[in-house]
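Numbering (full-length UniProt numbering), first residue to last: 1 to 127.
Here it is in structure tokens:
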């Protein structure tokens, strides 16, 4: 009976240690932080996609708005319309910040606010 208790103790201690280290690792690991839904982007009516303003060159931007095919919207509204992200450039502009798993959980519970380097509270870009 004593051997069974010893084996059970070793097993539970090992399992506890593994769980502890997994929690520590995930708590300190980076998690991708996406742009908030209210961040402003450029919608393209013709191609039904959205583009981060930084990814537009001046010629394309002028052409897009002069033709009436371009409009300013939020990411959330563009997604509601079924629009897709335009390019890798847009992805890189909208998915840039990183945060730990713990800060992600705390932010979603309302206990912590992630400081964004790229976007202001009103959805405009910090350039």
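Each residue gets a CB set at the ideal place from its N, CA and C atoms; glycine is no exception.
Bear in mind that the values here come from a model prediction, so they are computed numbers and not experimental data.
Candidates the options: which alpha carbon is nearest residue i's?
{"i": "residue 70", "options": "107, 124 and 43", "result": "43"}
{"i": "residue 34", "options": "4, 82, 92 and 68", "result": "92"}
{"i": "residue 72", "options": "6, 4, 38 and 59", "result": "38"}
{"i": "residue 118", "options": "40, 6 and 8", "result": "40"}
Which partner residues does residue i have in the DSSP bridge list?
{"i": "residue 71", "result": "43"}
{"i": "residue 50", "result": "43 and 85"}
Using a Cβ-Cβ cut-off of 7 angstroms (strictly less than) and excluding sequence neighbours within five positions of residue i, which residues of its own chain qualify?
{"i": "residue 7", "result": "none"}
{"i": "residue 56", "result": "42"}
Identify, in the order they occur along the chain, each residue of the same chain with its Cβ nearer than 6 angstroms to the Cβ of residue i, setting aside the five sequence neighbours on each side.
{"i": "residue 3", "result": "none"}
{"i": "residue 59", "result": "none"}
{"i": "residue 81", "result": "none"}
Excluding the 5 residues preceding and the 5 following residue i in the sequence, name in chain order all residues of the same chain whose CB lies nearer than 8 angstroms to its CB.
{"i": "residue 123", "result": "36, 38, 39, 40 and 74"}
{"i": "residue 130", "result": "There is simply no residue 130 to check, as the chain begins at 1 and stops at 127 in what is shown."}
Is it true that the stretch 80-91 meets the stretch 51-66, where meeting means three or more beta-carbon pairs spaced less than 8 angstroms apart? The stretch 80-91, when compared against the stretch 51-66, does touch it at the 8 angstroms Cβ threshold.
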